[in-house]
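2 protein chains.
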Amino acid sequence: MRFTHLTDTCLATAIGDLGLSDDAFARMLMAAAPAHDRLCQLCESDRLPALTVVRGDADLDAARPLAEDWRARLDDVVVLGTGGSSLGAKTLYALADGDGPRLHFLDNVDPETLTVLQARLDPRRSGLLLISKSGNTAETLAQTLVLLPAFAQALGRERLPRHAAVITEPGKRPLGEIAARYGLPRLDHHPGIGGRFSVFSLVGALPALLAGLDVAALRCGAAEVLDAAQGAERVEACEPAVGAAVAVGLLQAHGIGQSVFLTYRDALADFGLWFRQLWAESLGKDGTGLTPLRALGTADHHSQLQLYLAGPRDKMFTLVMPGTAGQGPRMDAELAGAVGAEALAGRTLGDLLDASARATAETLARAGRPVRRIEVAALDEATLGALMMHFMLETILAADLLGVNAFDQPAVEEGKVLTREYLKGAPS
Amino acid sequence: MRFTHLTDTCLATAIGDLGLSDDAFARMLMAAAPAHDRLCQLCESDRLPALTVVRGDADLDAARPLAEDWRARLDDVVVLGTGGSSLGAKTLYALADGDGPRLHFLDNVDPETLTVLQARLDPRRSGLLLISKSGNTAETLAQTLVLLPAFAQALGRERLPRHAAVITEPGKRPLGEIAARYGLPRLDHHPGIGGRFSVFSLVGALPALLAGLDVAALRCGAAEVLDAAQGAERVEACEPAVGAAVAVGLLQAHGIGQSVFLTYRDALADFGLWFRQLWAESLGKDGTGLTPLRALGTADHHSQLQLYLAGPRDKMFTLVMPGTAGQGPRMDAELAGAVGAEALAGRTLGDLLDASARATAETLARAGRPVRRIEVAALDEATLGALMMHFMLETILAADLLGVNAFDQPAVEEGKVLTREYLKGAPS
Numbered sequence: 031m032r033f034t035h036l037t038d039t040c041l042a043t044a045i046g047d048l049g050l051s052d053d054a055f056a057r058m059l060m061a062a063a064p065a066h067d068r069l070c071q072l073c074e075s076d077r078l079p080a081l082t083v084v085r086g087d088a089d090l091d092a093a094r095p096l097a098e099d100w101r102a103r104l105d106d107v108v109v110l111g112t113g114g115s116s117l118g119a120k121t122l123y124a125l126a127d128g129d130g131p132r133l134h135f136l137d138n139v140d141p142e143t144l145t146v147l148q149a150r151l152d153p154r155r156s157g158l159l160l161i162s163k164s165g166n167t168a169e170t171l172a173q174t175l176v177l178l179p180a181f182a183q184a185l186g187r188e189r190l191p192r193h194a195a196v197i198t199e200p201g202k203r204p205l206g207e208i209a210a211r212y213g214l215p216r217l218d219h220h221p222g223i224g225g226r227f228s229v230f231s232l233v234g235a236l237p238a239l240l241a242g243l244d245v246a247a248l249r250c251g252a253a254e255v256l257d258a259a260q261g262a263e264r265v266e267a268c269e270p271a272v273g274a275a276v277a278v279g280l281l282q283a284h285g286i287g288q289s290v291f292l293t294y295r296d297a298l299a300d301f302g303l304w305f306r307q308l309w310a311e312s313l314g315k316d317g318t319g320l321t322p323l324r325a326l327g328t329a330d331h332h333s334q335l336q337l338y339l340a341g342p343r344d345k346m347f348t349l350v351m352p353g354t355a356g357q358g359p360r361m362d363a364e365l366a367g368a369v370g371a372e373a374l375a376g377r378t379l380g381d382l383l384d385a386s387a388r389a390t391a392e393t394l395a396r397a398g399r400p401v402r403r404i405e406v407a408a409l410d411e412a413t414l415g416a417l418m419m420h421f422m423l424e425t426i427l428a429a430d431l432l433g434v435n436a437f438d439q440p441a442v443e444e445g446k447v448l449t450r451e452y453l454k455g456a457p458s
Numbered sequence: 031m032r033f034t035h036l037t038d039t040c041l042a043t044a045i046g047d048l049g050l051s052d053d054a055f056a057r058m059l060m061a062a063a064p065a066h067d068r069l070c071q072l073c074e075s076d077r078l079p080a081l082t083v084v085r086g087d088a089d090l091d092a093a094r095p096l097a098e099d100w101r102a103r104l105d106d107v108v109v110l111g112t113g114g115s116s117l118g119a120k121t122l123y124a125l126a127d128g129d130g131p132r133l134h135f136l137d138n139v140d141p142e143t144l145t146v147l148q149a150r151l152d153p154r155r156s157g158l159l160l161i162s163k164s165g166n167t168a169e170t171l172a173q174t175l176v177l178l179p180a181f182a183q184a185l186g187r188e189r190l191p192r193h194a195a196v197i198t199e200p201g202k203r204p205l206g207e208i209a210a211r212y213g214l215p216r217l218d219h220h221p222g223i224g225g226r227f228s229v230f231s232l233v234g235a236l237p238a239l240l241a242g243l244d245v246a247a248l249r250c251g252a253a254e255v256l257d258a259a260q261g262a263e264r265v266e267a268c269e270p271a272v273g274a275a276v277a278v279g280l281l282q283a284h285g286i287g288q289s290v291f292l293t294y295r296d297a298l299a300d301f302g303l304w305f306r307q308l309w310a311e312s313l314g315k316d317g318t319g320l321t322p323l324r325a326l327g328t329a330d331h332h333s334q335l336q337l338y339l340a341g342p343r344d345k346m347f348t349l350v351m352p353g354t355a356g357q358g359p360r361m362d363a364e365l366a367g368a369v370g371a372e373a374l375a376g377r378t379l380g381d382l383l384d385a386s387a388r389a390t391a392e393t394l395a396r397a398g399r400p401v402r403r404i405e406v407a408a409l410d411e412a413t414l415g416a417l418m419m420h421f422m423l424e425t426i427l428a429a430d431l432l433g434v435n436a437f438d439q440p441a442v443e444e445g446k447v448l449t450r451e452y453l454k455g456a457p458s
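Structural data, given as structure tokens:
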């Protein structure tokens, strides 16, 4: 196993009255069984390409040569995309070791940020990767309408196709028309894969290839988790179903509507943001949902732990804990001893991170707060693939238990229309 | 005014049943009046130095020459500190224009992060600023026990005092003993100022001075807000009291326990994290509290807005909206027109950011969600000082309304003890 999923300290037997009772847990697992069956059927009939894409690699045929070419020629690649077109790739990029072009994720429309970045880029050694499923995302179009003409001017239009590429759905799309106009490579965003579920598709894979990451290992780790979920004879053996049952069970039994996602490596900071979108947009609808809160250990111990331990009893906790014992530089034993910090003497930074994570899990459980621990052996592409697949499955199953559609986001349309009206200077 | 504080769309008259009724609002303001009086008395009797420090500058006498010297000699300064010893300075540093040494905030104990940073530093051109109120924060000590001996080795011990300095409370403190041992400059952390309230003290001011920021303007903007709050004859004229009354009123009337803090400039991203600590640690105790959620527009429109608009009715929203209309690079009008994106043609990125923020405020209000808007004219030191003072006052007043002590954090001690036990390899 690439990680161990431990939910015992979410149960009343371990933490007392705020935990899930054995009865309530058993009822939720019973409810999760048909949800698990439905999920398996969707996978078998190939109706969830966001998941089953990890079982092949034919879709990468167009991406690999582009990535090779850009890696050989370019120092910087700006990924223009927001939300689901950015967070998955950002999460993967945290594993990159600096071999290959620097990736810059431009996922906001801050005027200063773009200006500063643009001033640093040499277009002759830079690429623009434009990603939008609809091809009509205002932020991505806006950035494109600034940067692409500037690149065309600096490089000459004939050289632009070697410095820019588009990922968007097939059909007539503004971003597609821009690709056609300048003769840019255009890769297809799979129409059956939504943005927040797109990390295993080209949307995550092309940036990962640019960064020199092992996309085959990523998909392999993900496929193992998918295979295990589909192969589980009983729902209790399907870890994503157990996770969903615990989360929805705690909501229904105790009104625990907040889900703190606390990771213990800086490289997992963006993973927390990826999960936050997945969980929020998939479950937050029809007046229900579970609110995700992203946190990073140990820094947030010094910011949020007081609230977590002693505030309202409305939160459950998922701690993602890579084993870091023995890792990193060692603290000076003599100096530590001289100033009364014997506990640190000769220990590594990883020892402290590991001890802090374990202490926090135990402290939360002692305070009667439901805590799930995800213990990770090694932080690499396969493990990240496994973790991301776990949470995609868990999210889909939690949506089923809540009775909502995991795959739509109907509420955000009004704001987009209104933004255009404000832009016209004529709000209704 | 450096910013305008608009709470009308938190009231039932504007947004319907999830808003605060006129009666409930009036009752909360009545409760806030004695809290406001108490706050004014504390300020007048000089018992809240975290606030009144902004009225002088004598405490900067030791910091200014150190900052001048380091700015002249150093390219990189690593600030070792976590939580309240980091987030305020980080927030200010977002305003820096690159004139002066680069600041690196090492607020976590990730072994990889420290290793990568250390490999990039040239000790001869680098400084270490060690900040911990107690002088005994495990993370800060751990980083110190790695980096300081390495610097001593690289530079020779006799040169170390020109490359490292300590801010900690007076008295016998591990970090203070380290300063004495190596002969490092030691500046006093004011004993009456808690970490999360320390941004206006040396803890925020020294890093700001290193970055070439205008600390006088920062304190001036803050002093204006403090003066206005103390000078308010009636509680309705004290904006921080109005903000606290709305937040606590919505909790008590409708169980709205989550406070989304949504800022619309990348430079305000860390401001959101600073607020998140201030609000969480000050209010989250005795089983009560209001949970802060940090969000960044427009990126989080594509991640969280679906949940905000259509999920559970348990959130209020504070939108911090700097006016960005007309700012930043302009979108190509011809290309926009050619691909059907007329709304963007010839607009600036700042126009889009501004329109998106206003549209989101309106969309949330139309969905019946309580929204407070903070409209900011210019993003500079004085404005940030004013905003930070506003939220410090609001937090203190909200704590009073909730009946909790804003200034302690009693729950986190157990985890620290347990961390040491795990480090010893002998958990109890």
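Heads up: the sequence lines are chains A and B, in that order. With this note's numbering applied, the first sequence corresponds to residues 31 to 458, in that order. With this note's numbering applied, the second sequence corresponds to residues 31 to 458, in that order. The C-beta atom is built at its ideal place from N, Cα and C for all residues, glycine as well. Small disclaimer: the values here were computed from a predicted structure and weren't measured.
query, result
"If you scan the stretch 199 to 226 of chain A from start to end, which runs of the beta strand (DSSP E) of 3 or more residues do you find wholly inside it?", "216 to 218"
"Against T145/A, what residues of chain B qualify as contacts under a CB-to-CB distance less than 8 Å, listed in chain order?", "G358 and P359"
"Hey, is N435/A's beta-carbon within less than 9 Å of any beta-carbon in chain B?", "no"
"For D381/B, which of E443/A, G370/A and R450/A has the nearest alpha-carbon?", "R450/A"
"Could you tell me which chain B residues have their CB closer than 9 Å to the CB of T390/A, listed as they occur along the chain?", "G445, L448 and T449"
"Is there contact between the stretch 168 to 186 of chain B and the stretch 361 to 378 of chain A, where contact requires at least three CB pairs shorter than 8 Å?", "yes"
"Around the C-beta of A42/B, are 16 or more other C-beta atoms found within 10 angstroms, so that it is buried, or is it exposed?", "buried"
"Which class does D106/A belong to by DSSP, given the choice of helix, strand or coil?", "strand"
"Is the Cβ of S231/B closer than 9 Å to any Cβ of chain A?", "no"
"So H193/B packs on P153/B, CB below 8 Å; how close in whole Å?", "7 Å"
"Just to confirm, is the Cβ distance from G317/A to S228/A under 9 Å?", "no"
"Taking 8 Å as the cut-off, is the beta-carbon of V290/B closer than that to any non-hydrogen atom of the ligand ZN?", "Here there are no bound small molecules, and the ligand ZN is not part of this structure."
"Which partner residues of V196/B appear in the DSSP bridge assignment?", "L160/B and R216/B"
"Output the residue ranges of the beta strand (DSSP E) runs that lie fully inside the stretch 312 to 356 of chain A and measure 3 residues or longer, sorted by chain position.", "321 to 326 and 345 to 352"
"With a cut-off of 9 Å, does the C-beta of P141/A fall near any C-beta of chain B?", "yes"
"With H, G and I counted as helix, E and B as strand and the rest as coil, what does DSSP make of Q148/B?", "helix"
"Pick out the complete alpha helix (DSSP H) segments inside the stretch 66 to 133 of chain A, 4 residues or longer, and give them in chain order.", "79 to 82, 93 to 103 and 117 to 123"
"Please state if the CB of R264/A and the CB of L383/A are separated by a distance shorter than 9 Å.", "no"
"Mind pulling the chain C residues with CB within less than 8 Å of A184/B?", "The structure shown contains no chain C; its protein chains are A and B."
"Following the continuous beta strand (DSSP E) through S386/B, name the residue where it begins and the one where it ends.", "Premise fails: S386/B lies in the alpha helix (DSSP H), L379 to R396, not in any beta strand (DSSP E)."
"Taking all protein chains shown into account, do 16 or more other C-beta atoms lie within 10 angstroms of the C-beta of D438/B, making it buried, or fewer, making it exposed?", "exposed"
"Alpha carbon to alpha carbon, how far is D137/B from L243/B? Give it in angstroms, no decimals.", "21 Å"
"Is the stretch 304 to 317 of chain A touching the stretch 249 to 265 of chain A, taking contact as three or more C-beta pairs under 8 Å?", "no"
"Residues in the same chain with beta-carbon distance under 8 Å from T170/A, minus the five sequence neighbours each way, listed in chain order, please.", "L110, G111, T112, S115, L160, I161, S162 and L205"
"Inspect the beta-carbon positions of R226/A and Q357/A and report whether they are closer than 9 Å.", "no"
"Report the neighbours of R211/B on chain A: residues whose CB is nearer than 9 Å to its CB, in chain order.", "L365, A368 and V369"
"Taking Cβ to Cβ, would you say L96/B is nearer than 9 Å to G234/B?", "no"
"Mind listing the chain B neighbours of T393/A? Cutoff is C-beta to C-beta under 7 Å, in chain order.", "E444, G445 and L448"
"Does any residue of chain B bring its CB to less than 9 Å from the CB of S228/A?", "no"
"Would you please state the rounded distance, in angstroms, between the beta carbons of P342/A and G370/B? I believe it to be under 8 Å.", "48 Å between Cβ atoms; not a contact."
"Given 8 Å as the limit, is there contact between the stretch 203 to 223 of chain A and the stretch 390 to 399 of chain B, that is, 3 or more CB pairs closer than that?", "no"
"Could you name the residues that DSSP lists as bridge partners for I45/B?", "Looking at the DSSP assignment, I45/B forms no beta bridge with any residue, so it has no partner."
"Hey, how far is the Cα of T413/A from the Cα of A385/A?", "22 Å"
"Within 10 angstroms of the Cβ of A88/B, are there 16 or more other Cβ atoms? Answer buried if so, exposed if not.", "exposed"
"I need the straight-line Cα distance from G222/A to S333/B, nearest angstrom please.", "19 Å"
"Spatial neighbours of V278/B within its chain, please: CB distance less than 7 Å, with the 5 preceding and 5 following residues excluded, ordered by chain position.", "M58, A428, L431 and L432"
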